[in-house]
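Engineer: Protein chains in written order, with the working numbering: chain R, 1 to 240; chain G, 241 to 480; chain W, 481 to 720; chain A, 721 to 960; chain D, 961 to 1200; chain Y, 1201 to 1440.
Heads up, the beta-carbon is just placed ideally off N, CA and C, and yes, glycines get one too.
Could you have a look at this structure, given as structure tokens, before my questions?
Protein chains: 6
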Amino acid sequence: MRIRVVVPVTPYDTAYRTRGFYAAAARPDVEISLVCLDEGPASIECDEDEALAVPGILTAVREAEAQGMDAVIIDCMADPGLSPAREAVSIPVVGPAQAGMSLAAMLAHRFSVIGVLERDICAIERQGRAYGFESRLASVRPVNIPVLAFDRDPSGLEAAVVDQAIRAVREDRAHAILFGCTGMQGLGPQVARALAEDGRPVPVIDPTLAALKLAEGLVDAGLTHSKRSYPPREPKSHWP
Amino acid sequence: MRIRVVVPVTPYDTAYRTRGFYAAAARPDVEISLVCLDEGPASIECDEDEALAVPGILTAVREAEAQGMDAVIIDCMADPGLSPAREAVSIPVVGPAQAGMSLAAMLAHRFSVIGVLERDICAIERQGRAYGFESRLASVRPVNIPVLAFDRDPSGLEAAVVDQAIRAVREDRAHAILFGCTGMQGLGPQVARALAEDGRPVPVIDPTLAALKLAEGLVDAGLTHSKRSYPPREPKSHWP
Amino acid sequence: MRIRVVVPVTPYDTAYRTRGFYAAAARPDVEISLVCLDEGPASIECDEDEALAVPGILTAVREAEAQGMDAVIIDCMADPGLSPAREAVSIPVVGPAQAGMSLAAMLAHRFSVIGVLERDICAIERQGRAYGFESRLASVRPVNIPVLAFDRDPSGLEAAVVDQAIRAVREDRAHAILFGCTGMQGLGPQVARALAEDGRPVPVIDPTLAALKLAEGLVDAGLTHSKRSYPPREPKSHWP
Amino acid sequence: MRIRVVVPVTPYDTAYRTRGFYAAAARPDVEISLVCLDEGPASIECDEDEALAVPGILTAVREAEAQGMDAVIIDCMADPGLSPAREAVSIPVVGPAQAGMSLAAMLAHRFSVIGVLERDICAIERQGRAYGFESRLASVRPVNIPVLAFDRDPSGLEAAVVDQAIRAVREDRAHAILFGCTGMQGLGPQVARALAEDGRPVPVIDPTLAALKLAEGLVDAGLTHSKRSYPPREPKSHWP
Amino acid sequence: MRIRVVVPVTPYDTAYRTRGFYAAAARPDVEISLVCLDEGPASIECDEDEALAVPGILTAVREAEAQGMDAVIIDCMADPGLSPAREAVSIPVVGPAQAGMSLAAMLAHRFSVIGVLERDICAIERQGRAYGFESRLASVRPVNIPVLAFDRDPSGLEAAVVDQAIRAVREDRAHAILFGCTGMQGLGPQVARALAEDGRPVPVIDPTLAALKLAEGLVDAGLTHSKRSYPPREPKSHWP
Amino acid sequence: MRIRVVVPVTPYDTAYRTRGFYAAAARPDVEISLVCLDEGPASIECDEDEALAVPGILTAVREAEAQGMDAVIIDCMADPGLSPAREAVSIPVVGPAQAGMSLAAMLAHRFSVIGVLERDICAIERQGRAYGFESRLASVRPVNIPVLAFDRDPSGLEAAVVDQAIRAVREDRAHAILFGCTGMQGLGPQVARALAEDGRPVPVIDPTLAALKLAEGLVDAGLTHSKRSYPPREPKSHWP
């Protein structure tokens, strides 16, 4: 099985680590390949970033299908371009936010999302509402570190995620933790351990892992998104 | 007052008529200017069309603010790019779907939207839900004529809109009619007359008119969207 | 264009100021006239006040239509009698709560309402739910000054509104402020300035202004409420 | 126990029958008294009728408390004045719509309401939403006979109610039937029998009976409405 | 009228007191009988307890109908087995949670539930959502005393219930209090008095009382649950 | 990886086929074992069946954990005992309804469920609401063949499922089909082919497949349900 990870930003130094994480988490028979965008934002932190990334995402997703990939993961918690990408191709296209929130809602009555910046709170709340999990979202708690600073201080990031996760369980009655940025990838075990040490173990869901396992399962089951929900763009034959 | 209408498609022959409609409906002290996109789709009929239009919309909206416009209307019922456009500028940016649905919900307990194609039904239902009018939407009834064919048979379009509007009131208990495409602009009086002749007069809301009057009112009142809901894109100072 | 403001209370000393505010905010071509009720409550602070005001409101609204007015504004945030008034006449009847909440929901993802008394909280929450804005209401924060004391200490009122508005933005994540009483009319600029000085500028929406601009726009667009939603009272021909 | 039935219309010929129905359905230790309004509408068929009835209802409810009644029933499915009446007094004030819908929702997953006129559909749907039973309302089916004609053709009314009840169960998957007008009082057994003969027996709920049994139970249990939800009108001490 | 109380646990020492409470609260013409389960849990404090109690509840409910009882109350706030019990018999089967929440929602805009343990919060929130009272639930506040310890320190229980009730009214804006465990039976007057002394009197609803009065009213009105919502188990005639 | 399938009914002739289906669909490294209940119903077609199955399910689930299984699937679309089973063990326990509805909601905006009997409609609607997919459920369409007759006429069952699936897509605007009974296991390809031949291809989701792939993914990811949502039953140490 071949899964393509589309990271919807321009190339970055540690992309090999992103690929490595996916490859390590994938089943042995799964081949992971990863692409960044030729053109697009350096990070996705607002609706404009997202809008600027979508044209490149569509190109990358079409390429993945043309190259015989079995599924595509759009590696960003905003699920940017998920809907037009599903119009564009017939292979499964998976978004970490949709996959991660669905998983969280299946495993726990309430979950909290660890966001990046204050401005994410509202965006994640609206995303939760759109996906149907409004009443399950205990809270959104940002770490207040910009995405592009994640790599400069990994232990600071980890400490901040742990801190907010503990607060979410203690103060907001969260029954599960969902990372709100794919840049927090790989922190799951550490955060889970910290919560257990705090005497409040709850599932810690890495949305990229949720997306990967959803993609694998869809390919196994021969399923993909409905083309009635995502009908293909029709040729503009009626040009006036 | 100067209002800029951004039609989020590439230039089309009858753009002067669009401008004319807005100009005729505007208050005497309002100056309407209209731009199309340099690059983008010829029509917006799916999520990919929308995605391809947004970068051009952002450029056009920034230009409008730079040129001293008082407000911007994005002339498409998908409200494409409304959210990133509001991040990009501080002058009011208005979308016909949001303005039209809000107006319909204020004037009637239930309203139907006259859509373009079958595939619009789901999109408009989700839009209604996102804007909070889920329980107010009586039905979405498409005319099943592609947007780019509107201009080739205006009387066919009118007949189809009238037909669906009458069915919506008769069969779906619609208490108001909202056009589901800005390309139906100007048909309000004819549809209203047909409904009255059918013995079932209800308000017929042209969303472009709703958007225009909202824009005028916002400028008058010195109001614009909240920058806390639409914070500006921050400079990518942290490039790794 | 002639707009009638119906203040649904018995005459009060500063009614000229209310009229003046509307007149100043109206477009140059709009003529504002204002009436109070011959009989009714001195203020509207509970459901009984509201009930006692409605018969007088209906008389005033019918008079307005008979006198050729183009639209009516019921100057109270409870929107008292909005529904029967719309049954009674065909000209647009506008309520500041409906107009203000709709505007707030269009400009911001979340808004707070500055109420009068503790007892208003629940009433405004239920109003928000009835109008469809349940998930958009960040909080209701009363000033705890009775309406009839507003005029005695205008600067105390202003300070209290500013204080609650700042708390709403800081503590409740409000992205816009909506006044919860038409008696707070005119405080918009001061509150907006105070919020800006606090480093948290958000739109401050005066519901009377929202109602006025909605009324102007409706008259311009030739629109009014749906008589299917608000069918006229039928003659009691079947008296037994 | 003494229960006062306030029929919120001016006196009518068959009021003795209304009283008789309540008296027959009440427990032996309950004394039923009934009053009409001195001033008000002849029937309640629109929001204006309702508004005109409320001042008289408030007088009647206060009188009931002053005369030592244990509870009050407002005999109309619009629950007119329920909220201000609860502000006005401390004894339980019960509305047939609230009592009947609550009972229907406890006994069945879905219920239909048999309304009076087409125009009731929307009103009853909104009432159901306000009381929290939106997802439980299978349909509203009007008999299309004006209230004031009920007494002239009782068997015609019965046939129409039976007809709509059968359609609701057959076509709308109703699991219970709720009368949508207190004027249908007493038809319960006939409608239940007709449904059983049709092979589709479901509970038929007479809202006046639901209100009566709720009132009896509240008095037994020493309970009444919360004065925090319905705080009393405060004296207008601050008159300017 | 004969009402059977099924306490869905194995026999306990103070069952005579439970029976006594119901008997004292019942109307004079009502005969209360009480049974425990032959086999089942000693208390119901989790979903497993509930599951283990249901088979015994079904036996007890069928026995009650066979013995000519007029109605059954399942004496537990989890309403365990309410749905299959209604399938099993035709006499009314009443659950204190459904009855109590409905009553609370009729008497107050918002209510809080006094729960037993921290783990109840989520269960009661989901129950409230299932019954339609999601937006009416102000809070769930547990006393953190296990059910089986209630009898060992009655005054400690009372103090804890009073304490949480006062906090619910003060801090969560509760307008009514509902006990979250039938083991709190009889504490209503004390809690009501304590709230009144705190200057915040609100209705205090004992769910067993709500269930009893609902049962009495249903029998009086000749009503029971819909067999279309709770169709009987069909014989397994198709055994392969 | 070892996955235990608990079929919550007494042993049946074709259990080997159920096991075979799971085994064929599982990844090569997954070992499927299947158990029926020693005691319980022959089929699950009502709430009583479900209640009678739960004690046996709990025993089977505990056994699975004791035997070192990695995950458990409860093979019934009612998800019977899902909640107490999750209290009982720490390994993932998966229900086909929750897994199937979540998957359907991720792949399509709207989906229909093919039910067994008329009486399932309401049950599935309530299940959909509890899991958060209320607005996504296009319809529930039963085949009206009792579960225990499935095996006697497999081609009749297939024809009925195909027929209802086609109607759901044509008439109810379903964008995906979800089987409403695990007894329909294996019909996916046939139904998908029939829909494609009808010119309306949509995803056909076999809930047992959804459950299996979810279970595999959870084990891979080291995730299980939250013990805060499903806390273990505590020892009844306080027996009075």
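Just checking: is the beta-carbon of residue 1441 (chain Y) within a distance shorter than 8 Å of some beta-carbon in chain G?
Structural biologist: Chain Y is shown from 1201 up to 1440; residue 1441 (chain Y) falls before or after that span and cannot be answered.
Engineer: Tell me, which residues are paired with residue 960 (chain D) by DSSP?
Structural biologist: What is shown of chain D runs 961 to 1200, which leaves residue 960 (chain D) out entirely.
Engineer: Specify the secondary structure class of residue 1234 (chain Y) as computed by DSSP and reduced to three states.
Structural biologist: Three-state DSSP puts residue 1234 (chain Y) in a strand.
Engineer: Label residue 1214 (chain Y) either buried or exposed according to how many other C-beta atoms from any shown protein chain fall within 10 Å of its C-beta, with 16 as the threshold for buried.
Structural biologist: The residue in question, residue 1214 (chain Y), is exposed, as its Cβ has fewer than 16 Cβ neighbours within 10 Å.
Engineer: Could you spell out the range, first to last residue, of the beta strand (DSSP E) harbouring residue 1272 (chain Y)?
Structural biologist: Segment 1271 to 1274, the beta strand (DSSP E) holding residue 1272 (chain Y).
Engineer: Under 8 Å between C-beta atoms, does residue 1319 (chain Y) make it to chain D?
Structural biologist: Yes, residue 1319 (chain Y) counts as interfacial toward chain D.
Engineer: Along the chain, where does the beta strand (DSSP E) that runs through residue 5 (chain R) open and close?
Structural biologist: 2 to 6 is the span of the beta strand (DSSP E), which, as asked, contains residue 5 (chain R).
Engineer: At least one CB of chain A closer than 8 Å to the CB of residue 628 (chain W): is that the case?
Structural biologist: It does; some Cβ of chain A falls within 8 Å.
Engineer: By DSSP, does residue 601 (chain W) sit in helix, in strand, or in coil?
Structural biologist: Looking at residue 601 (chain W) - three-state DSSP - the assignment turns out to be helix.
Engineer: Would you say residue 217 (chain R) faces chain Y, with C-beta separation under 8 Å as the test?
Structural biologist: Residue 217 (chain R) counts as touching chain Y.
Engineer: List the endpoints of the continuous alpha helix (DSSP H) containing residue 926 (chain A).
Structural biologist: That residue, residue 926 (chain A), is in no alpha helix (DSSP H); it is neither H nor E in DSSP.
Engineer: Grouping DSSP H, G and I as helix and E and B as strand, with all else coil, what is residue 281 (chain G)?
Structural biologist: Coil at residue 281 (chain G), not helix or strand.
Engineer: Assign residue 1391 (chain Y) to one of three DSSP states: helix, strand, or coil.
Structural biologist: In the structure shown, residue 1391 (chain Y) sits in a helix (DSSP, three-state: H, G or I).
Engineer: Decide if the stretch 1367 to 1385 of chain Y is in contact with the stretch 1395 to 1411 of chain Y; the criterion is three or more beta carbon pairs, one per stretch, under 8 Å apart.
Structural biologist: The stretch 1367 to 1385 of chain Y is in contact with the stretch 1395 to 1411 of chain Y.
Engineer: Between residue 694 (chain W) and chain G, is there a C-beta pair that is closer than 8 Å?
Structural biologist: Cβ-Cβ to chain G under 8 Å: yes for residue 694 (chain W).
Engineer: Enumerate in chain order the residues of its own chain whose CB-to-CB distance from residue 540 (chain W) is below 7 Å, with the five nearest sequence positions on each side excluded.
Structural biologist: 486, 515, 517, listed in sequence order.
Engineer: Just mark residue 804 (chain A) as buried or exposed, buried being the case when its beta carbon has 16 or more other beta carbons within 10 Å.
Structural biologist: Residue 804 (chain A) is buried by the Cβ-count criterion.
Engineer: When the Cα atoms are used, what is the spatial distance from residue 944 (chain A) to residue 982 (chain D)?
Structural biologist: For residue 944 (chain A) and residue 982 (chain D), the distance between alpha carbons rounds to 20 Å.
Engineer: Among residues of its own chain, excluding the 5 on either side of residue 1262 (chain Y), which ones have a beta-carbon nearer than 8 Å to its beta-carbon?
Structural biologist: Within the same chain, residue 1262 (chain Y) has close Cβ partners 1288, 1289.
Engineer: Should residue 256 (chain G) be labelled buried (16 or more other beta-carbon atoms within 10 Å of its own) or exposed?
Structural biologist: The residue in question, residue 256 (chain G), is exposed, as its Cβ has fewer than 16 Cβ neighbours within 10 Å.
Engineer: Between the C-alpha atoms of residue 1303 (chain Y) and residue 1410 (chain Y), what's the straight-line distance to the nearest angstrom?
Structural biologist: The alpha-carbon atoms of residue 1303 (chain Y) and residue 1410 (chain Y) are separated by roughly 7 Å.
Engineer: Could you tell me whether any Cβ in chain R is nearer than 8 Å to the Cβ of residue 653 (chain W)?
Structural biologist: For residue 653 (chain W), the answer is yes, since a Cβ of chain R falls inside 8 Å of its Cβ.
Engineer: Terminal residues of the continuous alpha helix (DSSP H) containing residue 643 (chain W)?
Structural biologist: Element bounds for residue 643 (chain W): 634 to 651.
Engineer: Using a Cβ-Cβ distance under 8 Å, would residue 877 (chain A) count as near chain W?
Structural biologist: No - not a single Cβ of chain W is within 8 Å of the one on residue 877 (chain A).
Engineer: Under 8 Å, Cβ to Cβ, is there at least one residue of chain D near residue 526 (chain W)?
Structural biologist: Not closer than 8 Å to any Cβ of chain D, the Cβ of residue 526 (chain W) fails to qualify, so no.
Engineer: Would residue 774 (chain A) count as contacting chain W if we go by Cβ distances under 8 Å?
Structural biologist: Taking Cβ atoms only, chain W reaches closer than 8 Å to residue 774 (chain A), which makes this a yes.
Engineer: Buried or exposed: residue 374 (chain G), going by 16 or more other Cβ atoms within 10 Å of its Cβ?
Structural biologist: That one is exposed.
Engineer: Which two residues bound the contiguous alpha helix (DSSP H) that contains residue 736 (chain A)?
Structural biologist: Run containing residue 736 (chain A): 735 to 745, per the alpha helix (DSSP H) assignment.
Engineer: Starting from residue 537 (chain W), trace the alpha helix (DSSP H) both ways and give me its first and last residue.
Structural biologist: Taken as a continuous stretch (DSSP letters only), the alpha helix (DSSP H) holding residue 537 (chain W) covers 527 to 546.
Engineer: If you follow the alpha helix (DSSP H) that residue 1385 (chain Y) is in, where does it begin and where does it stop?
Structural biologist: Per DSSP, residue 1385 (chain Y) belongs to no alpha helix (DSSP H) and is neither H nor E.
Engineer: If the criterion is Cβ atoms closer than 8 Å, does the pair residue 1346 (chain Y) and residue 1317 (chain Y) meet it?
Structural biologist: Against a cut-off of 8 Å, the Cβ pair of residue 1317 (chain Y) and residue 1346 (chain Y) comes out as a contact.
Engineer: Pull the bridge partners of residue 814 (chain A) from the DSSP assignment, please.
Structural biologist: Note: residue 814 (chain A) sits in a beta bridge opposite A:793.
Engineer: Quick one: residues in its chain with C-beta nearer than 6 Å to the C-beta of residue 1348 (chain Y), no 5 flanking neighbours on either side, listed in chain order?
Structural biologist: Once the five neighbours on either side are set aside, the close Cβ partners of residue 1348 (chain Y) are 1243.
Engineer: Can you tell me whether DSSP reads residue 1350 (chain Y) as helix, strand or coil?
Structural biologist: Reduced to three states, the DSSP call for residue 1350 (chain Y) is helix.
Engineer: Please state whether DSSP places residue 457 (chain G) in a helix, a strand or coil.
Structural biologist: Residue 457 (chain G): helix per DSSP, three-state reduction.
Engineer: Using the beta-carbon of each residue, which ones in chain R are nearer than 8 Å to residue 327 (chain G)?
Structural biologist: Within chain R, the residues near residue 327 (chain G) are 46, 47, 48.
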